[in-house]
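Structure record follows, encoded as structure tokens.
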Amino acid sequence: MKKRFISNLLLLIFLNLLIKPFWFFGIEVGVQNRVGEEIYGFYFSLFSFAFILNMLLDVGINTYNNRAISRDKTLLQQNLAAIIPLKLALSVVYAGVVLLAGKILGYSAEQFAMLWILVLNQFLASFILYFRSNISGLQYYRTDSILSVMDRSLMILFTGLLLWGNISREPFKIEWFVYAQTASYALTLLASALIVRYRSGSFLHKINFSASRKILRLSYPFALLILLMALFNRVDSVMLERLLENGKEQAGIYAQSYRIFDAVTQFSFLFAMLLLPMFSRMIRHKQEINGLVRLALPLLLTAGLSGAISCNFYKRDIIALLYDSHVTYSSGIFGWLMISFLFVSTTYLFGTLLTANNNLSHLNRAAAITVGINVSMNLILIPRYQAQGAAIASLSSQSFFAIAQWLLAIRLTKISWNGDIMIRLLAFLAINLLVGFLSQLIPGWIPGFALLLFSCIVSAFLLGLVRLSEVLAILSE
Numbered sequence: 003m004k005k006r007f008i009s010n011l012l013l014l015i016f017l018n019l020l021i022k023p024f025w026f027f028g029i030e031v032g033v034q035n036r037v038g039e040e041i042y043g044f045y046f047s048l049f050s051f052a053f054i055l056n057m058l059l060d061v062g063i064n065t066y067n068n069r070a071i072s073r074d075k076t077l078l079q080q081n082l083a084a085i086i087p088l089k090l091a092l093s094v095v096y097a098g099v100v101l102l103a104g105k106i107l108g109y110s111a112e113q114f115a116m117l118w119i120l121v122l123n124q125f126l127a128s129f130i131l132y133f134r135s136n137i138s139g140l141q142y143y144r145t146d147s148i149l150s151v152m153d154r155s156l157m158i159l160f161t162g163l164l165l166w167g168n169i170s171r172e173p174f175k176i177e178w179f180v181y182a183q184t185a186s187y188a189l190t191l192l193a194s195a196l197i198v199r200y201r202s203g204s205f206l207h208k209i210n211f212s213a214s215r216k217i218l219r220l221s222y223p224f225a226l227l228i229l230l231m232a233l234f235n236r237v238d239s240v241m242l243e244r245l246l247e248n249g250k251e252q253a254g255i256y257a258q259s260y261r262i263f264d265a266v267t268q269f270s271f272l273f274a275m276l277l278l279p280m281f282s283r284m285i286r287h288k289q290e291i292n293g294l295v296r297l298a299l300p301l302l303l304t305a306g307l308s309g310a311i312s313c314n315f316y317k318r319d320i321i322a323l324l325y326d327s328h329v330t331y332s333s334g335i336f337g338w339l340m341i342s343f344l345f346v347s348t349t350y351l352f353g354t355l356l357t358a359n360n361n362l363s364h365l366n367r368a369a370a371i372t373v374g375i376n377v378s379m380n381l382i383l384i385p386r387y388q389a390q391g392a393a394i395a396s397l398s399s400q401s402f403f404a405i406a407q408w409l410l411a412i413r414l415t416k417i418s419w420n421g422d423i424m425i426r427l428l429a430f431l432a433i434n435l436l437v438g439f440l441s442q443l444i445p446g447w448i449p450g451f452a453l454l455l456f457s458c459i460v461s462a463f464l465l466g467l468v469r470l471s472e473v474l475a476i477l478s479e
């Protein structure tokens, strides 16, 4: 199992390093610089709003299905016949709730015009993730890895042509960006659906509405968790846009830093995608899981600490490299969010383990408390500190959720504290904080930043947090 984890993780990272940095820092940054903070904030707050309610499209089905198929591959046809009609019905519910909620919040006709397309995009993305949950559940990790970057690859092509291809004399419009997403999702959905159709032999072998109701009952705890996590991850930009007179601009400024935060957390998310079916299978067969935890934990936390340390020492320089305005203010937001990255990395390990172990009631209680912390702090801090207040609220809630999951995982799955790893991580932190301060003495920020990153890599190997010999030994088994 370790060999499969490492080999597929390397493939996932390779593909995502090829595609996603250019998407986040080339395409999305290019779009925001072209349209400005206020217009991009208009889009970003609506996207976050549609994303929060995305739970109604999924209701935990994807996670439930991935876990079920990982444990028993013979369930594929049965689940397809039950889940596809269920998801189509849920799509109607989702669209109705989003549009009704938008009406209650007082969205304008212009906002509704974009919201309709964002609802369609969420529908397409939800079905892509569902088909991918079948593919990864069947252990076709390489196929799933390729699909994980297909939509972004197409978006880069379409949006890049619109941004820099001189195919229109009109100034770039934010709507074009949304339409490019629609086309990319549609093509990726077609590809993933055809793969599942080939593996299953039939989409709708026998439509079984009673099975649909049963899956809905079984998956609702996953749905609640997805909703709660979406709330404390995405509600910040919605609250900024609604609570402040200059809310669209503040949401756009927040999006500058959130984009980088979201980009780096994608790599932690890759771990979770691989770990969930692996943990599920190991727990089903009563295999020892702490070995896989000890392999993933130092990798995730070393990456989290490296990102938090290096980006905080050079936060202004990084923001100035990417954006044209609000550099000083935005860099403060960026610093807070990159510390959050450390805690999100922890969440993707222990949260995935608890999900595989079916400890959803415990996770949901922790997530509900986290939502309360996040919303309360946003209500207090946003009116006073605006986008920076939202970033502080995010850090506070993410740190609570990560620590809660770590303690729950130790208690409920009987994994060890892995105290030796924690001691080495503290040493890693101390060494690289010192190197970070010393790197400030070097003229020019790029050499100093490079030195700090090099120090993080070298110290990770010297402290045994990343063991190349172990990775090579696993791959050669």
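Counting in this note's numbering, the sequence shown runs from 3 upward without gaps. Heads up, the beta-carbon is just placed ideally off N, CA and C, and yes, glycines get one too.
For residue i, the three-state DSSP class (helix, strand or coil)
i, result
"P445", "coil"
"L465", "coil"
"R171", "coil"
"W419", "coil"
"I158", "helix"
"N248", "coil"
"Q141", "coil"
"I459", "helix"
"H364", "helix"
"K288", "coil"
"D238", "helix"
"N136", "helix"
"D319", "helix"
"D60", "helix"
"L55", "coil"
"Y96", "helix"
"Q388", "coil"
Span separating the alpha-carbon of residue i from that of residue j
i, j, result
"L55", "K288", "36 Å"
"F179", "F44", "13 Å"
"G466", "L365", "31 Å"
"L324", "L440", "25 Å"
"N380", "I371", "14 Å"
"L409", "Y200", "42 Å"
"S259", "I321", "8 Å"
"N314", "M340", "7 Å"
"R219", "E40", "42 Å"
"R73", "I285", "9 Å"
"A432", "G62", "40 Å"
"Y42", "N35", "9 Å"
"S308", "L397", "17 Å"
"V31", "L77", "43 Å"
"D326", "S332", "11 Å"
"R244", "R296", "43 Å"
"K216", "G353", "25 Å"
"K22", "S186", "14 Å"
"L414", "S363", "12 Å"
"V483", "V33", "Here the chain has residues from 3 to 479 only, and residue 483 is not among them."
"L102", "L90", "19 Å"
"S221", "S461", "43 Å"
"F16", "F271", "14 Å"
"L436", "G139", "44 Å"
Distance between beta carbons of residue j and residue i, contact taken as under 8 Å
i, j, result
"T267", "F336", "In fact, because the Cβ distance is near 14 Å, the residues do not count as touching under 8 Å."
"L59", "M116", "With a Cβ gap of about 18 Å, L59 and M116 do not count as contacting."
"D183", "M152", "According to the sequence displayed, residue 183 carries Gln and not Asp. The Cβ separation is near 13 Å, so there is no contact."
"I444", "L453", "7 Å"
"I412", "L299", "So it is not a contact: roughly 12 Å between Cβ atoms."
"F26", "R261", "6 Å"
"A404", "F345", "4 Å"
"I384", "L233", "The Cβ separation is near 15 Å, so there is no contact."
"I291", "I417", "7 Å"
"A369", "L278", "Rounded, the Cβ-Cβ distance is 17 Å, inconsistent with contact."
"S214", "A84", "5 Å"
"Y350", "F402", "With a Cβ gap of about 16 Å, Y350 and F402 do not count as contacting."
"N68", "S135", "4 Å"
Given residue i as reference, the closest of the options once Cα atoms are compared
i, options, result
"R144", "R318, I433, S194", "S194"
"A188", "A395, G167, G139, R154", "R154"
"I228", "F26, I405, Y66", "Y66"
"G374", "A432, Q400, S170", "Q400"
"A191", "S239, Q124, V33", "The displayed chain sequence assigns Leu, not Ala, to residue 191. When only C-alpha atoms are compared, the closest one is Q124."
"Y132", "E177, T415, L196, L303", "L196"
"A395", "S378, W419, N136", "S378"
"G306", "H328, F263, R318", "F263"
"V37", "S270, E251, L101, G104", "E251"
"N420", "M275, V121, L303, Q390", "L303"
"A265", "I169, R426, S347, G334", "S347"
"I148", "S128, F456, L20", "L20"
Below-8 Å beta-carbon distance, residue i vs any chain B residue
i, result
"L339", "The structure shown contains no chain B; it is built from a single protein chain."
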